[in-house]
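Each residue of the sequence shown is one higher than the one before, counting from 40 in my numbering.
Virtual Cβ for every residue (Gly too), placed ideally from N, Cα, C.
Quantities reported herein were computed from a predicted structural model and do not represent experimental measurements.
Quick notes on the structure that follows.
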Amino acid sequence: MLFLSQRELQPLVKELALLFLKLGATAFGGPAAHIAMMEEEIVKRRKWITHEHFLDLLGATNLIPGPNSTEMAIHIGYVRAGLRGVLVAGFCFVVPAILITLLFAELYVSYGSTPQLSSLIFGIRAAIIAVIAGAVFRLSKPVLKKTNSLIIGVAVIILNLVGVNEILLLFSAGMVGLLWNSFSIFRSNISSFIGFIPFLNQQYNVTSFSTSISTNEATLTGLGLFFLKIGSILYGSGYVLVAFLQSELVNVRHWLTQSQLLDAIAVGQFTPGPLSSTATFIGYIILGLPGAIVATAGMFLPSFIFVLISSPFIPKIRKSQLASGFLDGVNAASLGLMFAVTISLATSSLTSIGAWLIFLLAGIVVVIWNLNAAWIVVGSALVGWLFSMFTK
40 MLFLSQRELQ PLVKELALLF LKLGATAFGG PAAHIAMMEE EIVKRRKWIT HEHFLDLLGA
100 TNLIPGPNST EMAIHIGYVR AGLRGVLVAG FCFVVPAILI TLLFAELYVS YGSTPQLSSL
160 IFGIRAAIIA VIAGAVFRLS KPVLKKTNSL IIGVAVIILN LVGVNEILLL FSAGMVGLLW
220 NSFSIFRSNI SSFIGFIPFL NQQYNVTSFS TSISTNEATL TGLGLFFLKI GSILYGSGYV
280 LVAFLQSELV NVRHWLTQSQ LLDAIAVGQF TPGPLSSTAT FIGYIILGLP GAIVATAGMF
340 LPSFIFVLIS SPFIPKIRKS QLASGFLDGV NAASLGLMFA VTISLATSSL TSIGAWLIFL
400 LAGIVVVIWN LNAAWIVVGS ALVGWLFSMF TK
């Protein structure tokens, strides 16, 4: 697939561009929802890759820093069309969110506030839970066939819900999977496995790192270096980003106020695509359009580099019986984390009769009618808006 002629590559690249532009414009609800929509489009509908391959890519994205859903798009682009696929899939996935975020940033700077979005978010959040649950169910089928993967997945769900760190769970699950395999497999060549574990010691106290520019006066260089650092060391869900922003931009550098940060997060919640597009909003507030460009580039550039480095090694890891045990453990943990996210989202979002009705309606559509998730998101936003209008 990676050695096709220009003529053969062109339709593949065009298809990637159209798909990820659509996903980037409709992928609401955070990384778990983005992954769910990708699984539906790429595995279920187009059958570009198998469920097992999709899980391998998902496991790999959880082992490298950066926004998971963006890296997943880049991985799929690499598998489908090589380097051109990497650039097209990654760029097309993040551009819609960046453009929408820029629009909100201009409105915010001009008028001092963001439009009222709560009624639309109300419907989207309820439906997204059903979409994620459907994806978890489909992806879990191959995992449930293995006893060790089932045990790892259940353990990760329980431990994550009681507050155990995501990255600790992922690497621990990988080691359990490797040890499980090692009881029956005695091989000495595990270099492909060892070389795949990057930045393990950077998960903790990451906010203690600082760029070389610590002045309170914002500059393009300082802003770019700050977001380049974040994109290079940020593990876990997109919401971990909030802790970094609070610590450095509000408390240390004073480039943002607390209310500006909250507004930036609200815009990131509403806009489709990765929550990391919040960097665009913040960059615009601090230094205008140049700041938005620099912050966005710094945030997403490391993801492209990490995927290009790691993606060629994934098939090699899977071919090694011993190393594949590590990947199996990570895959089971990734599904466990998605399941835990579903529970957490349901607990916080399904707090009214209206939310439950939208959730159940979306669930029926997902299970029975097999409607595209993008239409479910749009329809649920409309239902949420209508519901708020009639309940005022």
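Hey, would you say residue i sits closer than 7 Å to residue j, going by beta carbons?
| i | j | result |
| --- | --- | --- |
| Gly216 | Asp95 | no |
| Gly105 | Ser342 | yes |
| Ile353 | Ala165 | no |
| Val416 | Leu410 | no |
| Leu326 | Ala257 | yes |
| Thr319 | Ala303 | no |
| Ile139 | Phe345 | no |
| Phe59 | Ala112 | yes |
| Ala401 | Ser387 | no |
| Leu259 | Leu284 | no |
| Val333 | Leu273 | no |
| Val182 | Ser188 | yes |
| Leu361 | Asn220 | yes |
So, at 8 Å on beta carbons, what are the nonlocal neighbours of residue i in its own chain, with the 5 sequence-adjacent residues on each side left out?
| i | result |
| --- | --- |
| Leu421 | Gly162 |
| Met428 | Ser158 |
| Met214 | Phe365 and Gly368 |
| Trp87 | Ile81, Ile115, Val118 and Arg119 |
| Arg357 | Asp95, Ser363 and Leu366 |
| Thr296 | Val289 |
| Ile191 | Ala212, Val215, Gly216, Gly368, Ala371, Ala372 and Gly375 |
| Leu340 | Leu267 and Gly270 |
| Leu389 | Ala165, Ile168, Trp395 and Phe398 |
| Thr65 | Met76, Pro311, Ala412, Ala413, Val416 and Val417 |
| Ser391 | none |
If I measure Cβ to Cβ from residue i and keep anything under 6 Å in the same chain, skipping five residues before and after, which residues do I get?
| i | result |
| --- | --- |
| Leu56 | Position check: residue 56 holds Ala in this sequence, whereas Leu was assumed. If we look at Ala56 and ignore the five residues flanking it on each side, its Cβ neighbours are Val127 and Cys131. |
| Ala71 | Ile171, Met377 and Val380 |
| Ala174 | Ala75 and Glu78 |
| Met338 | Phe266, Gly270, Ser315 and Ala318 |
May I ask you to report which of helix, strand or coil DSSP gives residue i?
| i | result |
| --- | --- |
| Pro70 | helix |
| Leu389 | coil |
| Asn204 | coil |
| Lys184 | coil |
| Thr260 | helix |
| Leu178 | helix |
| Gly364 | helix |
| Arg164 | helix |
| Trp414 | helix |
| Leu400 | helix |
| Thr430 | coil |
| Thr296 | coil |
| Arg85 | coil |
| Leu273 | coil |
| Thr381 | helix |
| Gln241 | The predicted model places Gln241 with a pLDDT of 41, which falls under 50 and marks its position as unreliable, so this point remains unresolved. |
| Gly312 | coil |
Which same chain residues, not among the five before or five after residue i, have their C-beta less than 7 Å away from its C-beta?
| i | result |
| --- | --- |
| Tyr243 | Bear in mind that the predicted position of Tyr243 carries a pLDDT of just 39, short of 50, making it too unreliable to give a figure here. |
| Ala136 | Gly63, Thr310, Pro311, Gly312, Pro313 and Ser316 |
| Asn101 | Asn107, Leu209, Val369 and Ser373 |
Verify the CB distance criterion: does residue i have a CB-CB separation below 7 Å to chain C?
| i | result |
| --- | --- |
| Leu425 | The structure shown has no chain C; it contains just one protein chain. |
Since residue i is in the alpha helix (DSSP H), which residue starts that stretch and which ends it?
| i | result |
| --- | --- |
| Thr65 | Gln45 to Thr65 |
| Pro329 | Thr317 to Ser349 |
| Ser149 | Asn107 to Tyr150 |
| Ile353 | Ile353 to Lys358 |
| Asn101 | His90 to Leu102 |
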